[in-house]
Amino acid sequence: MRADLVAALRCPVCADGLALDGRTARCPRGHAYDLAKQGYLNLLPKASNGIEGDSVEMVGARTVFLGGGHYAAIRDALIIATELGPDDLVVEVGAGTGYYLAGVLGLAPQRRGIALDVSKFAARRVAKVDPRIASVVCDAWQELPLLDGSAQLMLNVFAPRNAAEMARVLAPTGRLLVVTPNQQHLAELVDVLGLVSVDEEKDRRLQESLSGEFVRIGSEAVEETMRLDRTAVEQLVLMTPSARHVNYRELLQRIAVLPEPVMVTLSVTLSVWQPRYRSS
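Each residue of the sequence shown is one higher than the last, beginning at 61 in the working numbering.
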């Protein structure tokens with residue numbers, strides 16, 4: 061993990077900045093955090109120990125599905141919406157496998173990223189994706205282990221949103237890009253496979269959760285029809301929260317009767333937000 065990325069982090073105990081000393085991140089008050097052998101840094105506060113993140117199976121399924129390019133339209137929309145300088149810092153909350161973060165960093169060699177996720181299995185994966193990305197385990201509902209105003213861009217794709225902390229971490233001129241599913245998203249599979257459906261009040265809840273700290277300055281629908289074989293459908297289900305609610309054997313039985321390929325709707329909204337204090 062690069063020293064300049066660790067320098068953007070802060071201690072989860074005292075909130076002082078961290079500096080890299082060999083393979084250990086230390087703060088001035090003596091709190092120390094060793095890099096895991098897989099290359100990630102665990103800054104999960106004690107209060108969050110035992111919290112359940114994505115399992116190794118879920119991370120594996122997500123790696124395969126995203127690697128197939130099925131959600132490339134989402135990543136491309138994020139890239140188009142990105143406005144960055146050559147060495148700006150991008151933070152993704154709930155980064156998963158780092159697919160979207162790596163895409164936004166693109167080919168600009170000086171751009172830097174920090175991937176935050178509560179899952180150690182996801183963190184292990186991200187640590188191998190790109191040396192420009194620091195992989196950090198943390199709890200998105202607690203204080204984020206980042207210095208005030210350290211990020212120029214923040215990504216939030218199907219992930220928890222802690223508005224106060226995200227606003228603290230973003231620079232005054234920073235932007236927050238949020239991707240949320242629409243009612244039509246994966247509609248062809250919801251009833252057939254017993255998936256968790258999208259809350260019809262999702263947009264209202266998004267506005268309520270962010271409006272105290274952010275102003276929405278734009279949004280766009282990202283929609284296309286995906287052609288998925290049965291293996292891709294299986295990976296799609298297993299990478300989502302629905303994996304926790306379906307019986308695997310029953311899932312395979314339901315998938316086996318689907319046509320191949322099956323046409324599935326991708327439908328999400330990408331919204332762009334800026335810190336509210338900037339607009340005052």
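By construction, the Cβ of each residue, glycine as well, lies at the ideal position given by its N, Cα and C atoms. Note that this is a predicted model, so its numbers are computed, not measured.
Neighbour-count burial assignment, residue i, 16 or more Cβ in a 10 Å radius
i, result
"HIS305", "exposed"
"PRO232", "exposed"
"MET323", "exposed"
"GLU152", "buried"
"LEU330", "buried"
"GLY113", "buried"
"GLY82", "exposed"
"LEU126", "buried"
"ASP148", "buried"
"GLU273", "buried"
"CYS74", "exposed"
Nearest neighbour of residue i, chosen from the options [CA to CA]
i, options, result
"VAL252", "ASN102, LEU103, GLY145 and VAL293", "VAL293"
"THR157", "PHE274, LEU69, VAL73 and VAL196", "VAL196"
"ALA249", "VAL73, LEU298 and SER210", "Contrary to the premise, residue 249 reads as Leu rather than Ala in this sequence. Taking only the C-alpha atoms, the option nearest LEU249 is LEU298."
"THR300", "SER269, ARG122, GLY154 and ALA187", "ARG122"
"TYR159", "TYR93, ILE193 and ALA247", "ILE193"
"ASP208", "LEU230, ARG184 and SER302", "LEU230"
"ASP94", "LEU80, PRO105 and LYS106", "LEU80"
"MET118", "ARG309, ALA303 and GLU310", "ALA303"
"LYS97", "PHE181, ASP263, SER115 and ILE111", "PHE181"
"PRO146", "GLY128, ARG171, MET214 and LEU311", "ARG171"
"LEU103", "ARG86, PRO205, ASN307 and HIS91", "PRO205"
Alpha carbon of residue i to alpha carbon of residue j, nearest angstrom
i, j, result
"LEU78", "SER179", "21 Å"
"VAL66", "ARG336", "28 Å"
"ALA133", "LEU167", "18 Å"
"LEU144", "ASN242", "28 Å"
"CYS71", "PRO88", "9 Å"
"ASP64", "VAL332", "27 Å"
"ASP190", "TYR131", "20 Å"
"THR84", "ILE277", "40 Å"
"MET61", "ARG185", "14 Å"
"LEU101", "SER269", "29 Å"
Residue i - DSSP class collapsed to helix/strand/coil
i, result
"ARG86", "strand"
"ARG290", "helix"
"SER179", "coil"
Near the ligand FMN: residue i beta-carbon under 7 Å from a heavy atom
i, result
"ARG122", "As for the ligand FMN, it is missing from this structure, which has no ligand bound."
* To do: Assess, as a yes-or-no matter, whether the region 153-169 is touched by the region 310-320 under the definition of 3 or more beta carbon pairs within less than 8 Å.
  => no
* **Cβ contact check for the region 133-142 and the region 281-291: 3 or more pairs under 8 Å** => The region 133-142 vs the region 281-291: in contact.
* Asked: How about the region 190-207 and the region 218-238: do they share at least three Cβ pairs that are nearer than 8 Å?
  -> yes
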